[in-house]
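**Student:** Take a look at this one; I'll ask things after.
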Amino acid sequence: FAQIHREGTSSANRLLVIRILPNGLEHSRFGFVVSKRIGNAVTRNLIKRRLRESVRQTNTKGGWDAVIIARRGASSVEFSQLKHAVYGLLQRAKLAKSSPSSE
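Numbering follows our numbering, with no gaps: position 16 of the sequence shown is 57.
Shown next, in the form of structure tokens:
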């Protein structure tokens with residue numbers, strides 16, 4: 042996380058921030074950060090589960106480390122809005138291969 046913060050590039054929208062850095066591997070790795078300012082543990086864990094599922098449903102390119110940081114508004118939106126916000130960031134970072142599946 043520290044190396045991505047120091048050396049990575051970032052992109053943001055009103056709900057999320059993404060920081061990325063090439064990792065030299067065949068697969069990508071994702072980390073999720075939700076500050077205590079966003080809510081209690083139940084709320085933070087719900088947001089992390091939704092972020093994880095949003096990334097899982099999006100076909101991503103390999104070879105990157107990414108940290109997705111939730112902003113305050115992430116706790117008050119529906120899952121579909123959060124999923125589209127994640128996809129938009131991954132697309133802007135050129136990590137998304139295809140749109141999120143509708144599972």
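Glycine is no exception: its CB is placed at the ideal position from the N, C-alpha and C atoms.
Note that this is a predicted model, so its numbers are computed, not measured.
(1) Since S52 contacts A107 with CB under 8 angstroms, what's their CB separation in whole angstroms?
(2) When burial is assigned at 16 or more other CB atoms within 10 Å of the CB, is S95 buried or exposed?
(3) Tell me where the alpha helix (DSSP H) around T84 begins and ends.
(4) Secondary structure at S52, three-state DSSP: helix, strand or coil?
(5) Hey, out of G72, L62, K77, A137, whose CA is closest to R112's CA?
(6) Let me confirm a value: N120 is counted as buried when at least 16 other C-beta atoms fall within 10 Å, else exposed. Which label applies?
(7) If contact is defined by three or more beta carbon pairs under 8 angstroms, each pair taking one atom from either stretch, is the stretch 81 to 99 in contact with the stretch 121 to 139?
(8) Tell me which same chain residues have a C-beta within less than 7 angstroms of the C-beta of F71, skipping the five on either side of it?
(9) When burial is assigned at 16 or more other CB atoms within 10 Å of the CB, is R90 buried or exposed?
(10) According to DSSP, F73 sits in a beta bridge with which residue or residues?
**Tutor:** Judging by the given coordinates:
(1) Rounded, the Cβ-Cβ distance is 10 angstroms, inconsistent with contact.
(2) buried
(3) 82 to 98
(4) strand
(5) K77
(6) Rather than Asn, the amino acid found at residue 120 in this sequence is Phe. It is exposed - the Cβ of F120 has fewer than 16 other Cβ atoms within 10 Å.
(7) yes
(8) V96, A107, I109
(9) exposed
(10) I109
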